[in-house]
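Before any comments, here is the structure.
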Amino acid sequence: MMRTIIVPVLGASLLTEAAPTAPDFTRDIRPILSENCFACHGQDAKKRKAKLRLDQGESALAERDGVQAIVPGDLENSEAWVRILSEDEDEVMPPRDSHKELSDAEKDILKQWILQGAPYADHWAFTAPKPPAVPKGVANPIDAFLQQRLTEEGLEPAPLARPETLIRRVYLDLTGLPPRPEEVDAFLTDNSPRALENLITSLMKRPSYGEHMARYWLDLARYADTAGYEGDPDMPHAWRYRDYVIDSLNRDKPYDLFIREQIAG
């Protein structure tokens, strides 16, 4: 469904310097290879050099005539790494005529990745999502994941927000508007254990919820009521798309249907 709400109840303060995490192929490695290597060692067979694909683990880790582009855990025998460090103009990768050059930070990321086994991963778009196991120790699942990450980064949560602070955060997050004084008073006098949950549910039913949340999607879609530059001509029917997005959010339209409708439109 389209609604995903995270209420910022937890804060964090730095305790110790976070320990470095292992490079993730999708997040850290693929972008480096895509920017610097895939033009010659990627999907396009017509432009591929040495019959080597660095976008596929099977090819990158395969041995060819006694040479292996990437040897998990072994920098000296990883030909790709040797070429990256080479000072020979005919051997260095990326080649000089590509006008691309790896930064020291990118080299370090690749180095750590190879040393840690050079694990490949399928592109996220082709990987079926699986629900993660909920960390233990916190009643709210979202807080549980937050607490787990805070612990990994050497952080601890700040104290819980006071009720009058919490209601203001919830209103601004969900509607973009602050609560009225009488709404604050009603929340402060509600002793129900589900007071916060009930408040969130009620706010998500307001038209202002869709109006506020639609801003993020409309920004990504580059929505505007006018052309915005030369002459700035009016777009008299643009509002129809704006209202469609707002209505979709307020109706809690399933995300897959939301996307299909826009592709069809």
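The working numbering applies: residue 500 is where the sequence shown begins, and numbers increase by one.
A virtual CB, placed ideally from N, CA and C, is assigned to each residue, including glycine.
Keep in mind it's a predicted model, so treat the numbers as computed, not measured.
Whole-Å CB distance - residue i paired with residue j, under 8 Å assumed
i, j, result
"Arg-668", "Ala-660", "7 Å"
"Ile-583", "Lys-606", "6 Å"
"Ile-699", "Phe-686", "So it is not a contact: roughly 11 Å between Cβ atoms."
"Leu-702", "Leu-673", "4 Å"
"Ser-577", "Gln-567", "7 Å"
"Tyr-708", "Tyr-722", "Their Cβ separation, rounded to whole angstroms, is 18 Å, which puts Tyr-708 and Tyr-722 out of contact at 8 Å."
Where residue i falls: helix, strand or coil (DSSP)
i, result
"Pro-630", "coil"
"Asp-742", "helix"
"Thr-688", "coil"
"Pro-706", "helix"
"Glu-760", "helix"
"Glu-729", "coil"
"Val-566", "strand"
"Asn-749", "helix"
"Asp-573", "strand"
"His-711", "helix"
"Tyr-754", "helix"
"Val-683", "helix"
"Pro-530", "helix"
"Leu-659", "coil"
Contact set for residue i: own chain, Cβ-Cβ below 8 Å, skip 5 residues either direction
i, result
"Lys-629", "none"
"Phe-524", "Trp-612, Pro-618, Tyr-619, Ala-620"
Nonlocal neighbours in the same chain, by C-beta distance under 7 Å from residue i, ignoring five residues either side
i, result
"Arg-595", "Glu-588"
"Pro-732", "Thr-725, Ala-726"
"Arg-705", "Thr-674"
Residues near residue i by beta carbon distance below 6 Å, same chain, minus five either side
i, result
"Gln-611", "Pro-522"
"Ala-643", "Val-633, Pro-634, Val-637"
"Gln-647", "Pro-634"
"Ser-585", "Val-591"
"His-736", "none"
"Pro-640", "Val-633"
"Glu-532", "Per the sequence shown, the amino acid found at residue 532 is Leu instead of Glu. These residues qualify, in order along the chain: Leu-553."
"Pro-593", "Asn-535, Lys-599"
Residue i: first and last residue of the uninterrupted alpha helix (DSSP H) it sits in
i, result
"Glu-663", "662-674"
"Gln-586", "At residue 586 the sequence reads Glu, which differs from the Gln that was named. Run containing Glu-586: none; DSSP gives neither H nor E here."
"Gly-556", "556-559"
"Ala-723", "Segment: none, Ala-723 is in no alpha helix (DSSP H) and carries neither H nor E."
"Gln-647", "640-651"
"Gln-607", "Note that residue 607 corresponds to Asp in the displayed sequence, not to Gln. Its alpha helix (DSSP H) spans residues 603-614."
"Cys-536", "First-last for Cys-536: undefined, no H or E at that position."
First and last residue of the uninterrupted beta strand (DSSP E) at residue i
i, result
"Leu-654", "654-656"
Across the stretch 597-604 and the stretch 530-539, are there enough close Cβ pairs to call them in contact, namely three or more that are closer than 8 Å? yes
Does the stretch 737-752 touch the stretch 707-722, meaning 3 or more C-beta pairs lie closer than 8 Å? yes
Closer than 8 Å is the cut-off here; do at least three beta carbon pairs connect the stretch 610-624 with the stretch 555-574? yes
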